[in-house]
Amino acid sequence: MTAAIRPSISACPACVAAPGAQALAEQALHKDAHIALSLPLIHCSACISSVERALTAAPGVKSARVNLTLKRATIEADPAVTADDLVRLLESAGFEAHELDAGTLSATQNDRVGRDVLMRMAVAGFAMMNVMLLSVAVWSGATDATRDLFHWISAAIALPTLAFSGVPFYKSAWSALRVGRSNMDVPIVTALLLAVVASVWETALSGHHAYFDAAVALVFFLLTGRYLDHRTRAIARSAAQELSALEVPRATALREGAEVQLPVAQLNIGDLILVRPGGRMPVDGTIVEGQSEIDRSLLTGETLPVFAEAGRDVSAGEVNLTGPLVVRATAVGRDTSLHRMADLVAIAESGRSRYTSLADSTAKLYTPGVLLLSVLSFIGWYIYTSDVRTSLNIAAAVLIITCPCALGLAVPAVTTAASGRLFRRGMLIKDATAMERLAKVDAVVFDKTGTLTAGTPELTNLADRDAAELEVALALAQGSSHPLSLSLAAAASAAGVTAADVTDIIEVPGFGTQGQWQGRLVRLGRAAWVGATPGIDTAAWLALGDAAPRAFVFSDRPRPGAEEAVSRLKARGIRVLLISGDNAPVVESLAQRLGIAEWQAEALPAEKSARIASLQSEGHHVLMVGDGLNDTAALTAADVSISPASALDAARVASDIVLLGSDLTPIADSLVTAQSAVRRIRENFKIATIYNVIAVPIAIVGLATPLVAALAMSSSSIIVALNALRLK
Amino acid sequence: MEVLSYLIPISLILGGIGLVAFIYTVRSNQYDDPEGDANRILNDDWDDHPKP
Numbered sequence: 001m002t003a004a005i006r007p008s009i010s011a012c013p014a015c016v017a018a019p020g021a022q023a024l025a026e027q028a029l030h031k032d033a034h035i036a037l038s039l040p041l042i043h044c045s046a047c048i049s050s051v052e053r054a055l056t057a058a059p060g061v062k063s064a065r066v067n068l069t070l071k072r073a074t075i076e077a078d079p080a081v082t083a084d085d086l087v088r089l090l091e092s093a094g095f096e097a098h099e100l101d102a103g104t105l106s107a108t109q110n111d112r113v114g115r116d117v118l119m120r121m122a123v124a125g126f127a128m129m130n131v132m133l134l135s136v137a138v139w140s141g142a143t144d145a146t147r148d149l150f151h152w153i154s155a156a157i158a159l160p161t162l163a164f165s166g167v168p169f170y171k172s173a174w175s176a177l178r179v180g181r182s183n184m185d186v187p188i189v190t191a192l193l194l195a196v197v198a199s200v201w202e203t204a205l206s207g208h209h210a211y212f213d214a215a216v217a218l219v220f221f222l223l224t225g226r227y228l229d230h231r232t233r234a235i236a237r238s239a240a241q242e243l244s245a246l247e248v249p250r251a252t253a254l255r256e257g258a259e260v261q262l263p264v265a266q267l268n269i270g271d272l273i274l275v276r277p278g279g280r281m282p283v284d285g286t287i288v289e290g291q292s293e294i295d296r297s298l299l300t301g302e303t304l305p306v307f308a309e310a311g312r313d314v315s316a317g318e319v320n321l322t323g324p325l326v327v328r329a330t331a332v333g334r335d336t337s338l339h340r341m342a343d344l345v346a347i348a349e350s351g352r353s354r355y356t357s358l359a360d361s362t363a364k365l366y367t368p369g370v371l372l373l374s375v376l377s378f379i380g381w382y383i384y385t386s387d388v389r390t391s392l393n394i395a396a397a398v399l400i401i402t403c404p405c406a407l408g409l410a411v412p413a414v415t416t417a418a419s420g421r422l423f424r425r426g427m428l429i430k431d432a433t434a435m436e437r438l439a440k441v442d443a444v445v446f447d448k449t450g451t452l453t454a455g456t457p458e459l460t461n462l463a464d465r466d467a468a469e470l471e472v473a474l475a476l477a478q479g480s481s482h483p484l485s486l487s488l489a490a491a492a493s494a495a496g497v498t499a500a501d502v503t504d505i506i507e508v509p510g511f512g513t514q515g516q517w518q519g520r521l522v523r524l525g526r527a528a529w530v531g532a533t534p535g536i537d538t539a540a541w542l543a544l545g546d547a548a549p550r551a552f553v554f555s556d557r558p559r560p561g562a563e564e565a566v567s568r569l570k571a572r573g574i575r576v577l578l579i580s581g582d583n584a585p586v587v588e589s590l591a592q593r594l595g596i597a598e599w600q601a602e603a604l605p606a607e608k609s610a611r612i613a614s615l616q617s618e619g620h621h622v623l624m625v626g627d628g629l630n631d632t633a634a635l636t637a638a639d640v641s642i643s644p645a646s647a648l649d650a651a652r653v654a655s656d657i658v659l660l661g662s663d664l665t666p667i668a669d670s671l672v673t674a675q676s677a678v679r680r681i682r683e684n685f686k687i688a689t690i691y692n693v694i695a696v697p698i699a700i701v702g703l704a705t706p707l708v709a710a711l712a713m714s715s716s717s718i719i720v721a722l723n724a725l726r727l728k
Numbered sequence: 001m002e003v004l005s006y007l008i009p010i011s012l013i014l015g016g017i018g019l020v021a022f023i024y025t026v027r028s029n030q031y032d033d034p035e036g037d038a039n040r041i042l043n044d045d046w047d048d049h050p051k052p
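Heads up: the protein sequence lines correspond to chains A and B, in order.
Under my numbering, think of the first position of the first sequence as 1, with each following residue one higher.
Under my numbering, think of the first position of the second sequence as 1, with each following residue one higher.
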């Protein structure tokens, strides 16, 4: 007995330690998996409950919560559950779902800045209500000691509040002043400081007027505008980040013969990388093994897949279609051609910031004007009365009255309403000034592949083929996951064709599928492989034994809403152009189908941007809609640009607006919304100006009591905010 | 006027409670999904008994 027990204790201490380590490892494994899914199409309470019900009913899922604002579901589940299972589950329940990379998302989980502003806004709101309560008592006739007491209590509330809530303004004003510039926050901070100094002085001398309520209200209204502004941008930013998170950056590397899943960032030059059918090339490289077809449409715009075999060079971003490929990396990460092009875009992008937004151009006029006005009234009153106290009071009143409450709300209130509206229709405004630039658009340039077309082929000559051919083709097509096969199988099944009894079906990657049918060899695939001469159309060829090969011709299907978007744009008198890198017949047929008169085929990336530049020199404001790497230069050159969510990361980065759904109709709507938003912004500026024209003289002649200031300030801010809500 | 010595502290305390409650809601992520919350109230899943 002892002999039997002994070895296990004494022989290897590691064995004793091992179970502990194993338990630890298991624990780590059993830590719940956090899965994030993007659900671009959910929109109602029924969607929330059916998604949550479907997810929680899935085995292994512990909890699932839908966030409708972000159109996202977060799931805690056993480690065995994979995102793919859940995506399939939701798709069978009728919801489009995509996996999100948790690493990319976690950066946006906690919106620190937003919370910070919200907290300061809440404190300012609390202080404003209480100070206002005391001020109302003063205005309605409190006198002597009571008034002084109320003023002191107001000061006790307002001073700490201003110290805490005003921090964003102090910081921004200081950073501008330090480099010798001025911004909107400089007069705000001056007004706050002046109001505090004048009011404390008045209170100490038991004077009649103190502006504590106005100072706190000013901070509250401005923080409200700032929070709205921040929130709009935070939503856009998190949604943009979500799009990046959709591309889970993992690659399968072959290291010493074993397959290892690695983050793309950890790949090295010389690594062998396995790219499965349907996968995107993570690196630039050379094929060392395998045959397949490669879809290069995102890079060049061509729809026809290219044949690929050992020795051919591939670029990051190309999609492998049929057979597994092993690629030796020649450039990784930042050095890939994909990234180099994206970097070029980043350089070009800095050129666009030349656009000055309406708010900036207003602020440029406004800031010196207000400061000058206040200094002049101080000097004027000092000359007139020789009393610093009165002059300071008047100067403070002028600054407070003119302070840009309404201006601070004028733009953010409208852009918040407008981007919220567009976001609900599936458009994501990434850039703050995009709305204003969009409102001016009078020419729209579309890319073809992946933008106007869905990138999925559609069989066009089903009726030309006889039943036997269709039956065999369907049987062969079902044996492959090539896009043409999938489309052929779908079209044939929809037409009621049943698959013929084809045996020994094998897929020959890069060529097609073949099998035996009634003792004959049958093949469906590339023209050269079945012995046909290739035409210019996208086609799969079917050969039945020795009979002449028959073509199944495909055309690229327009995206849903493409026709409607184009016709609505034209109805609004907007010039619509189609510029594609694809060959002429394909582009022409699509242009005719959609009713686009001006089209250009086989355009190189540089030609696209040159065409846009020539449109701009004709005085057009151009909107570019594109998705590929070959569009990025054009997207950057245009006045404003839109890319679909399916676009390459580089193209999305280059564009101002991302179209989240697959429908194109919102493009036409967005122009209407943008125009009406800009109209509202201008109206708001007008309201703010009228208010100033009335209020400033009152302040300068010294009639602006704290009551008048409070009324004027609140009413103008509320009018501006209400006007923003009128947005259609 | 003695009543002021009660009323002013009371109003400040009430307002302060509101402020604290608001800060609590911000800290516990209650503003993360305003649209979802607006829609969830229409959902009759847990009308008969509370969510476990």
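Just so it is clear, CB atoms sit at the ideal spot from N, CA and C, and this is done for glycine as well.
Residue environment, residue i, which counts as buried when at least 16 other CB atoms sit within 10 Å
{"i": "B/Asp44", "result": "exposed"}
{"i": "A/His34", "result": "exposed"}
{"i": "A/Asn758", "result": "This structure gives no information on residue 758 of chain A, because the portion of chain A shown stretches from 1 to 728."}
{"i": "A/Lys171", "result": "exposed"}
{"i": "A/Lys686", "result": "exposed"}
{"i": "A/Thr203", "result": "buried"}
{"i": "A/Ser580", "result": "buried"}
{"i": "A/Pro558", "result": "buried"}
{"i": "B/Gly16", "result": "exposed"}
Chain A residues whose Cβ lies nearer than 8 Å to that of residue i
{"i": "B/Pro34", "result": "Thr69"}
{"i": "B/Ile23", "result": "Met119 and Ala122"}
{"i": "B/Ile10", "result": "Within 8 Å Cβ-Cβ: nothing; B/Ile10 doesn't reach chain A, min ~11 Å."}
Coarse secondary structure for residue i, derived from DSSP in three states
{"i": "A/Glu202", "result": "helix"}
{"i": "A/Lys171", "result": "helix"}
{"i": "A/Ala176", "result": "helix"}
{"i": "A/Pro187", "result": "helix"}
{"i": "A/Trp599", "result": "strand"}
{"i": "A/Glu507", "result": "strand"}
{"i": "A/Thr56", "result": "helix"}
{"i": "A/Ile401", "result": "helix"}
{"i": "A/Leu159", "result": "helix"}
{"i": "B/Gln30", "result": "coil"}
{"i": "A/Ile42", "result": "coil"}
{"i": "A/Lys608", "result": "helix"}
{"i": "A/Ser643", "result": "strand"}
{"i": "A/Asn320", "result": "strand"}
{"i": "A/Glu256", "result": "coil"}
{"i": "A/Met624", "result": "strand"}
Partners in chain A for residue i, counting only beta-carbon separations shorter than 9 Å
{"i": "B/Asp48", "result": "Neighbours of B/Asp48 on chain A: none; closest Cβ ~15 Å, over 9 Å."}
Same chain, Cβ closer than 7 Å to residue i, neighbours up to 5 away in sequence not counted
{"i": "A/Thr390", "result": "Trp381"}
{"i": "A/Thr498", "result": "Glu471"}
{"i": "A/Ala28", "result": "With a pLDDT of 43 at A/Ala28, under the threshold of 50, the modelled position of this residue cannot be trusted; read the value that follows with caution. Answer for A/Ala28: no residue qualifies."}
{"i": "A/Gly125", "result": "Phe220"}
{"i": "A/Thr143", "result": "none"}
{"i": "A/Gln478", "result": "Ala489 and Ala499"}
{"i": "A/Pro736", "result": "The shown model of chain A, from 1 to 728, leaves out residue 736 of chain A, and the question about it has no answer."}
{"i": "A/Arg520", "result": "Leu544 and Gly545"}
Contacts that residue i makes with chain B (C-beta to C-beta distance below 9 Å)
{"i": "A/Phe126", "result": "Gly15, Gly16, Gly18, Leu19 and Phe22"}
Chain-order list of residues whose beta-carbon lies under 6 Å from that of residue i (same chain, five-residue window excluded)
{"i": "B/Leu42", "result": "none"}
{"i": "A/Glu256", "result": "none"}
Residues of its chain near residue i, where Cβ-Cβ distance is below 8 Å and the 5 sequence neighbours each way are ignored
{"i": "A/Ala214", "result": "Ala195, Ile400, Pro706, Ala709, Ala710 and Met713"}
{"i": "A/Leu118", "result": "Tyr227"}
{"i": "A/Ser481", "result": "Pro277, Gly278 and Thr322"}
beta-carbon residue i near the ligand SAM non-hydrogen atom, thresh 7 Å
{"i": "A/Gly317", "result": "The ligand SAM is not part of this structure, which contains no ligands at all."}
Within chain A, partners of residue i - CB distance below 7 Å
{"i": "B/Val26", "result": "Arg115, Leu118 and Met119"}
Amino acids of chain B, ordered along the chain, whose beta-carbon sits closer than 7 Å to that of residue i
{"i": "A/Ser49", "result": "Asn43 and Asp45"}
{"i": "A/Ser45", "result": "Asn39, Arg40, Leu42 and Asn43"}
Any C-beta of chain B within less than 7 Å: which residues of the stretch 133 to 166 of chain A qualify? Leu133, Thr146 and Ile153
Select from the stretch 52 to 67 of chain A all residues with a C-beta closer than 7 Å to any C-beta belonging to chain B, and list them in chain order. Val66 and Asn67
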